[in-house]
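Residue numbers (our numbering): 6 to 144.
Where is the CB? At the ideal position from N, CA and C, for every residue including glycine.
Keep in mind it's a predicted model, so treat the numbers as computed, not measured.
Inspection log for the structure reproduced underneath, given as structure tokens.
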């Protein structure tokens with residue numbers, strides 16, 4: 006896409022600090038470092054959300070995340086990492102181009118607030134599971 010900032014970075018129109026490039030994807034440091042070593046793993050194919058990727062590209066991005074996580078841990082001496090993928094503005098997606106965030110984490114760094122402390126009731130879980138299963142069967 007012509008005006009997509011990630012497409013411009015991939016095409017070399019805007020500088021990026023790359024650690025990896027291949028035919029399907031690129032990996033570069035996020036200019037807005039949530040933590041030192043925060044990488045973005047982006048598809049060369051311009052699609053906005055994960056479910057729009059074909060299976061080969063989705064698998065490739067996941068493999069790259071698994072392959073590069075140990076290097077991030079070694080280089081940053083992090084205790085762990087978050088692997089995030091946001092879809093749509095309501096989910097925190099700021100750039101409408103599919104990408105993964107690989108963010109190094111340290112014990113007690115205070116970055117991740119965790120999962121809300123609310124346990125769903127069994128009936129609610131069953132109803133939600135049924136609604137999702139029905140929606141999938143009609144696609």
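- Message: When you compare the CB positions of residue 24 and residue 32, do they come within less than 8 Å of one another, or not?
- Response: The residue you call residue 24 lines up with position 19 of the chain shown. The residue you call residue 32 lines up with position 27 of the chain shown. Contact flag set, yes.
- Counting Cβ pairs, one atom from each stretch, are 3 or more of them under 8 Å apart for the segment 46 to 66 and the segment 122 to 138? no
- Query: Considering only residues of the same chain and omitting the five flanking positions on each side of residue 91, which have a CB-CB separation below 7 Å?
  - Reply: In the chain shown, the residue the question calls residue 91 occupies position 86. Result list for residue 91: 97 and 98, in chain order.
- Does the distance from the CB of residue 102 to the CB of residue 67 come in under 8 Å? Your numbering for residue 102 matches position 97 in the chain shown. Your numbering for residue 67 matches position 62 in the chain shown. The answer is no: Cβ separation not under 8 Å.
- For residue 26, write down the residues that DSSP places opposite it in a beta bridge. By 1-based counting over the chain shown, the position of residue 26 is 21. Bridge partners of residue 26: 31.
- Message: Using C-beta distances below 6 Å, list every residue in its chain close to residue 53, excluding the 5 sequence neighbours before and after it, in chain order.
- Response: Looking up residue 53 in the chain shown gives position 48. Excluding residues within five positions, the ones whose Cβ falls inside 6 Å are 101.
- Just to confirm, are residue 88 and residue 30 a CB contact at a threshold of 8 Å? Position 83 of the chain shown, counted from the start, is the residue given in the question as residue 88. Position 25 of the chain shown, counted from the start, is the residue given in the question as residue 30. No, the Cβ-Cβ distance between residue 88 and residue 30 is not below 8 Å.
- Query: How would you write the range of the alpha helix (DSSP H) that residue 66 sits in, first residue to last?
  - Reply: Working through the chain shown from its first residue, we reach residue 66 at position 61. Start and end: 60 to 81.
- Beta-bridge partners of residue 89, as assigned by DSSP: Within the chain shown, the letter at position 84 stands for residue 89. Answer is 106, bridged to residue 89.
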